[in-house]
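Colleague: My structure is below; once you've seen it, I'll send some questions.
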Amino acid sequence: MTNYQHRSSISILLIDDDEEDFLITRDIIADFPSGAYTLAWEPDFEKAKVKILQNEHEAYLVDFRLGAESGLDLISYSLERGIMGPFILLTGQGDLQIDEEARRLGAVDYMVKGSINPDQLERSIRYGIQHVLNLNEIKELNQQLERRVMERTRDLARANERLSYSNESLQKEVDERKQAEKALRESQKIYSAIASNFPDGMLCVLDKDLRFLLVDGKAEEPEMRNKQEWIGSYASSMTFIDQKEAFIKNLKKVLKGVPLNMEVTVANGEREYQINAVPLFDDEEKIQNLLIVCKNITERKKAEKEVLRALNQEKELNELKSRFVTTASHEFRTPLSTILSSVSLIGRYISDSDQKEKIDKHVHRIKSSVNNLTYILNDFLSLGKLEEGKTTFNPVSFDLEQMISEVVSQISPTLKEDQEILLSIAEGTFGEIYVDEQMTKNILINLLNNASKYSGERQKIHLGLGRENGLLKITVKDKGIGIPKKDQQHLFDRFFRANNAINIQGTGLGLNIVKKYIELMNGHIEFSSEENKGTEFRVAIPITQPSYD
Ligand code: ATP
Ligand code: MG
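If you count by numbering that gives the first Met the number 0, then the sequence shown holds residues 0 to 548, one letter each, in order.
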């Protein structure tokens with residue numbers, strides 16, 4: 000803004016090197032109708048420049064010819080420095096052609112010296128001032144506008160920044176969602192891959208409401224054939240499961256973390272399935288879904304039933320066989336004892352014969368064969384009874400000394416030539432003893448029989464008896480063929496016979512029965528043996544407390 004509004008009179012500066020012109024102009028201004036004008040004068044071009052820049056005047060009258068300088072230069076100098084004037088150019092009569100130039104530069108008016116009239120000049124000055132005022136106002140408005148544009152631009156930039164930020168976060172969210180979807184697709188792909196390579200079964204994923212999220216599998220179950228159609232439906236729609244109620248109840252337990260393993264039948268027992276279900280946890284270890292693995296086990300179950308049936312059949316057949324053997328053995332024993340007694344009698348009747356020696360030899364042979372046969376039959380009978388569970392542990396009080404002498408006399412006829420049983424009985428062994436008499440007897444006979452059978456003629460067999468810590472201890476020791484190392488582990492197996500015993504008569508049942516008797520009496524048996532040196536069996540049988548009721 001100029002100072003124009005604050006002044007009582009309008010100050011005009013005349014820049015003209017001719018004093019005469021100043022005086023004329025002053026007179027003209029004095030004639031202005033309003034009279035509110037003062038005129039200052041500056042003849043020097045350079046000084047005028049300074050004065051103009053001080054901006055203390057409201058209007059400037061500039062002579063075109065300022066000595067060597069031009070008024071036009073002064074005007075353009077001032078305008079370039081933001082002083083808008085107004086500048087009115089004064090020229091002589093001959094300078095008419097500069098009119099255009101003056102206006103182009105920005106002078107508001109142009110007057111010819113000598114023909115200036117006061118009204119015209121005053122109007123020109125007034126318009127000029129108004130023009131400059133208008134210009135300034137426009138300039139001010141422009142500046143304001145520019146400021147506002149800048150502010151707006153700044154705001155827009157900020158808004159843009161915000162927008163790009165929210166765009167960024169939106170993009171991030173979209174990316175994350177895409178990633179999650181990708182992960183889901185991947186895991187579904189994995190499930191699908193597992194499922195479609197899963198033979199005879201299906202894989203299902205259910206949500207917490209027991210709704211299907213995924214149904215897949217290689218197996219073509221008629222009820223689940225349209226796998227996609229099952230997605231979204233509830234597990235309770237599986238009405239074809241015969242045990243549906245229990246199945247659903249168990250699935251609910253899986254949601255509480257209890258894994259499920261159950262067998263169900265489908266379509267009234269037509270097919271059978273093994274169902275395994277486990278909870279699936281999310282990142283926070285919470286149960287979100289559950290995974291069900293169903294396997295069609297119809298064929299396996301059928302096979303199982305078949306095996307079971309065959310097994311039962313076999314068992315029945317075995318029972319039949321052992322019953323037959325038992326009966327047969329039993330029935331054989333009677334005629335055998337008849338043969339034995341008859342042979343003894345024959346031997347006695349023909350005692351006078353001169354063939355006595357030969358007859359005795361054959362009688363002995365018949366007797367020993369019959370005895371052997373009786374042993375075998377006894378073994379069969381014992382085994383049959385043991386297997387049928389008919390053999391029970393039955394401890395009684397008996398005279399051990401008596402029993403030992405019975406055993407020795409029973410075994411003696413079967414001993415090889417000059418074989419001898421050497422008894423060594425620890426002190427305090429005899430007296431009242433309380434074990435199963437029959438079983439103990441059988442054990443002794445079997446062990447002594449083996450000791451004799453597997454050692455040579457004239458060999459001594461040691462039978463040791465003792466009583467220690469509530470146990471009856473028996474040792475049977477021979478110096479016979481021994482048992483090869485590799486065979487020792489199978490010694491108590493049924494029908495097992497060591498390699499070096501093949502040419503010696505036997506069935507491989509004796510020790511098996513001995514072991515079973517000892518087990519029934521809660522006893523213990525062990526042995527040590529070395530091939531061609533001999534064998535020792537050690538038996539310990541608990542002596543039971545007598546019950547007197
Ligand atoms: P049986 O059923 O008539 O007793 P077995 O004597 O062959 O027939 P076990 O008494 O069960 O059957 O003995 C099994 C095997 O152990 C024998 O065939 C023999 O090889 C070996 N054996 C048992 N006792 C002795 C022993 N004292 N010395 C060497 N080998 C023995
Ligand atoms: Mg034997």
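Glycine included, every Cβ here is placed at the ideal spot set by N, Cα and C.
Check L140 in the structure and name its three-state DSSP category.
Modeller: DSSP places L140 in helix when its eight states are reduced to three.
Colleague: Is any non-hydrogen atom of ligand 2 found closer than 8 Å to the C-beta of A307, if you look at the structure I gave you?
Modeller: Strictly speaking, residue 307 in this sequence is Leu, with Ala absent from that position. No, the Cβ of L307 stays beyond 8 Å of every heavy atom of ligand 2.
Colleague: Within 8 Å: the Cβ of F536 and any heavy atom of ligand 1?
Modeller: yes
Colleague: Return the Cβ separation of L289 and L205 in integer angstroms, given the expectation that the two are a contact with Cβ distance under 8 Å.
Modeller: Yes, L289 and L205 are in contact; Cβ-Cβ is about 5 Å, under 8 Å.
Colleague: First and last residue of the beta strand (DSSP E) that includes M261?
Modeller: L259 to V265
Colleague: Indicate, with yes or no, if ligand 2 has a heavy atom lying under 8 Å from the CB of L414.
Modeller: no
Colleague: Can you give me the Cβ contacts of I540 inside the same chain, cut-off strictly under 6 Å, excluding the 5 residues immediately before and after it?
Modeller: V434, L471, M520 and G522
Colleague: How is P334 classed by DSSP in three states: helix, strand or coil?
Modeller: helix
Colleague: Report the three-state DSSP secondary structure of E45 (helix, strand or coil).
Modeller: helix
Colleague: Tell me the rounded alpha-carbon separation between A192 and I296.
Modeller: 21 Å
Colleague: For P334 versus N370, is the C-beta distance shorter than 9 Å?
Modeller: Taking 9 Å as the Cβ cut-off, P334 and N370 do not qualify as a contacting pair.
Colleague: Which residues bound the beta strand (DSSP E) around Q287?
Modeller: I286 to N295
Colleague: Please report how far the alpha carbon of I128 lies from the alpha carbon of I14, in whole angstroms.
Modeller: 17 Å
Colleague: Which one or two residues does DSSP pair with W229 in a beta bridge?
Modeller: In the DSSP output, where bridge partners are listed per residue, W229 has none listed.
Colleague: Please state whether DSSP places I11 in a helix, a strand or coil.
Modeller: strand
Colleague: Rounding to the nearest angstrom, what Cα-Cα distance links R122 and I23 in this structure?
Modeller: 18 Å
Colleague: Which residues, in chain order, sit with a beta-carbon under 7 Å away from any heavy atom of ligand 2?
Modeller: N445, N448, N449, K452, G505, G509 and L510
Colleague: DSSP on A497, reduced to helix/strand/coil?
Modeller: Of the three classes helix, strand and coil, the one that applies to A497 here is coil, per DSSP.
Colleague: Could you tell me the distance, in whole angstroms, from the CA atom of A179 to the CA atom of V263?
Modeller: 36 Å
Colleague: Pull up the distance between the alpha-carbon of H130 and that of Y59, whole angstroms please.
Modeller: 13 Å
Colleague: Any heavy atom of ligand 1 closer than 8 Å to the Cβ of S528?
Modeller: yes
Colleague: What whole-angstrom Cβ distance do L120 and I27 have, given they're in contact under 8 Å?
Modeller: 6 Å
Colleague: Between the Cα of E55 and those of P32, L12 and F86, spot the shortest distance and give me the residue it belongs to.
Modeller: L12
Colleague: For ligand 1, any of its heavy atoms closer than 8 Å to the Cβ of D486?
Modeller: yes
Colleague: What's the C-alpha gap between N317 and K304?
Modeller: 20 Å
Colleague: Using three-state DSSP, classify V107 as helix, strand or coil.
Modeller: coil
Colleague: Count the other CB atoms, across all protein chains shown, that sit within 10 Å of the CB of Q4; report buried if there are 16 or more and exposed otherwise.
Modeller: With a pLDDT of 45 at Q4, under the threshold of 50, the modelled position of this residue cannot be trusted; read the value that follows with caution. So Q4 ends up on the exposed side.
Colleague: Which same chain residues, not among the five before or five after V406, have their C-beta less than 8 Å away from its C-beta?
Modeller: Cβ within range, chain order: K440, L443, I444 and L447.
Colleague: Count the other CB atoms, across all protein chains shown, that sit within 10 Å of the CB of D417; report buried if there are 16 or more and exposed otherwise.
Modeller: exposed
Colleague: Can you tell me which of K459, R210, I9 and L155 puts its alpha carbon nearest to the alpha carbon of K476?
Modeller: K459
Colleague: With three or more C-beta pairs closer than 8 Å as the rule, is the region 71-91 touching the region 131-144?
Modeller: yes
Colleague: Counting only the same chain and skipping the five closest in sequence on each side, list residues whose C-beta sits under 7 Å from that of K514.
Modeller: Excluding residues up to 5 positions away in sequence, F491 and I524 lie with their Cβ nearer than 7 Å to the Cβ of K514 in the same chain.
Colleague: Buried or exposed, going by whether 16 or more other CB atoms sit within 10 Å of the CB of L319?
Modeller: Exposed.
Colleague: Starting from E525, trace the alpha helix (DSSP H) in both directions and tell me its first and last residue.
Modeller: Run containing E525: none in the alpha helix (DSSP H); it sits in the beta strand (DSSP E), H523 to E529.
Colleague: Less than 8 Å between the CB atoms is what I'm expecting for V214 and I230, so what's the real figure, rounded?
Modeller: 7 Å
Colleague: Identify the continuous alpha helix (DSSP H) that holds G268 and give its terminal residues.
Modeller: For G268, no alpha helix (DSSP H) segment is defined, and its DSSP state is neither H nor E.
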